[in-house]
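Numbering (UniProt numbering), first residue to last: 1 to 340.
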């Protein structure tokens with residue numbers, strides 16, 4: 001059934017795209033234009049209604065239906081799935097008529113347009129997780145509804161706007177948690193901790209606050225910041241004792257610790273280690289430089305190596321002890337001590 005719906009929508013969209021632009025009769029009066037536009041709106045002919053409303057506004061800019069035509073043009077564009085045109089018309093009405101008795105309707109439709117902008121054709125018929133999508137339109141919708149509720153707290157559209165703001169706030173908080181989980185999987189623990197803290201501080205009373213505390217605990221544990229991890233864990237236990245990350249009162253990380261072994265070590269279950277683990281403070285780059293130095297030293301012919309009074313080659317340990325080479329820098333090794 002969903003495939004049939006998608007095919008039907010695609011056919012209708014192609015038909016609408018291929019249809020010619022409607023020409024509005026120039027002899028229609030203001031009243032006739034407005035009445036025909038109302039009939040088109042009632043019949044859900046939003047494209048035709050949009051054309052007539054635009055004609056009414058341009059032909060009779062100071063007529064008695066001009067303001068109402070601008071308001072209904074916002075609605076017609078919104079219902080015709082033209083979000084940018086709807087928001088542009090709403091912003092224009094707000095700019096031209098800031099004291100209009102129905103300006104709250106323009107604010108409401110502007111927020112509603114952004115609210116529905118993410119719900120495209122695929123989201124309507126496929127089970128997509130909206131919390132994992134780009135929250136740009138959701139954030140815009142939240143801000144626009146916030147303007148409506150703050151400027152017109154007694155508007156008849158304010159209660160619906162507040163309910164939608166609760167939904168949008170929960171959605172934005174869930175999105176931040178998804179981003180934090182991604183950072184955890186990428187071992188970007190500082191970024192993950194910052195995202196979790198952002199949720200805890202800015203999205204209070206949302207279901208994602210517990211997830212934010214869990215992310216902070218896990219990230220701080222990976223960073224070996226024991227005090228911060230303990231504080232976050234105690235807050236999580238106190239406020240969300242039934243959180244999924246708590247099993248029998250013990251914290252269980254949601255993301256397994258990353259395995260940084262080579263593919264050869266993983267394939268042989270650790271029997272063959274391609275390179276030994278690094279000691280504290282050591283780097284692969286430093287090891288490579290030391291190896292290059294050793295290879296170059298081994299390639300020196302024996303007759304060019306330093307000799308003692310008996311003509312025998314001086315052992316490496318004696319030579320290094322005499323010159324105290326244990327404290328030499330990598331640059332000294334690369335230049336064979338020329339620039340010491």
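Even glycine gets a Cβ: it sits at the ideal position worked out from N, Cα and C. Since the model is a prediction, treat every value here as computed from it, not as a measurement.
For the set 114, 42, 253 and 205, the Cα lying nearest the Cα of residue 82 is the one of 114.
If you look at residue 170, you'll find it in the alpha helix (DSSP H) that goes 158 to 185. With a threshold of 16 other beta carbon atoms within 10 Å, residue 39 falls short and is exposed.
With respect to the 7 Å criterion, residue 74 and residue 89 are classified as neighbours on the basis of their beta carbons. With contacts defined as CB atoms closer than 7 Å, residue 255 and residue 149 fail to qualify as a contacting pair.
Under a 10 Å Cβ-count criterion, residue 106 is classified as buried, with 16 or more other Cβ atoms of the shown protein chains found around its own Cβ.
Assignment of residue 246 by DSSP, reduced to helix, strand and coil, places it in the strand class. Across the structure, residue 91 and residue 43 are spaced so that their CA atoms are roughly 26 Å apart. The residue among 189, 212 and 194 with its C-alpha nearest the C-alpha of residue 200 is 212. By the Cβ neighbour-count rule, residue 111 is buried, with 16 or more other Cβ atoms within 10 Å of its own. A straight line joining the alpha-carbon of residue 78 with that of residue 69 spans about 14 Å. Residue 179 and residue 192 have their alpha carbons spaced roughly 8 Å apart. Contact check for residue 173 against residue 206 passes: the beta carbons are separated by less than 7 Å.
In the DSSP assignment, residue 65 falls outside any alpha helix (DSSP H), carrying neither H nor E. Here residue 189 is actually not in contact with residue 233; their C-beta atoms are around 15 Å apart, not less than 8 Å. Residue 71 holds the alpha-carbon nearest to the alpha-carbon of residue 95 among 71, 28, 227 and 117. In the DSSP assignment, residue 89 falls within the alpha helix (DSSP H) that extends over 83 to 96. Between residue 165 and residue 152, the beta carbon gap of about 14 Å keeps them out of contact (Cβ cut-off 8 Å). Counting along the chain, no alpha helix (DSSP H) covers residue 240, and no H or E run does either. The residues 37, 69, 72, 73 and 76, in chain order, have a CB closer than 7 Å to that of residue 53 in the same chain once the five nearest residues on each side in sequence are set aside.
Around the beta carbon of residue 249, fewer than 16 other beta carbons sit within 10 angstroms, so the residue counts as exposed. Of the residues assessed, residue 58 falls on the exposed side of the cut-off, its CB having fewer than 16 other CB atoms within 10 angstroms. As a beta-bridge residue in DSSP terms, residue 251 pairs with 246. In this structure, the straight-line span from the alpha carbon of residue 141 to that of residue 147 is close to 10 Å.
Of the candidates 170, 34, 63 and 80, the residue whose Cα lies closest to the Cα of residue 47 is 80. Rounded to whole angstroms, the gap between the alpha carbons of residue 245 and residue 99 is 52 Å.
Within the same chain, Cβ atoms closer than 7 Å to the Cβ of residue 183 are found at 191, 192 and 195, the five residues on either side in sequence being excluded. In this structure, DSSP gives residue 203 a state outside helix and strand, which the three-state scheme calls coil. Between the alpha carbons of residue 243 and residue 291 lies a gap of roughly 51 Å. Taking residue 49 as the centre and dropping the five residues before and after it, the same chain places the C-beta of 37, 40, 41 and 76 closer than 6 Å to its C-beta, in chain order. At a Cβ-Cβ threshold of 7 Å, residue 241 and residue 218 do not count as neighbours. Under the three-state reduction of DSSP, residue 300 is assigned to coil, being neither helix nor strand. For residue 117, the enclosing alpha helix (DSSP H) covers residues 103 to 117.
Residue state for residue 221 is assigned as helix, using DSSP reduced to three classes. Annotated three-state conformation of residue 155 is coil, per DSSP.
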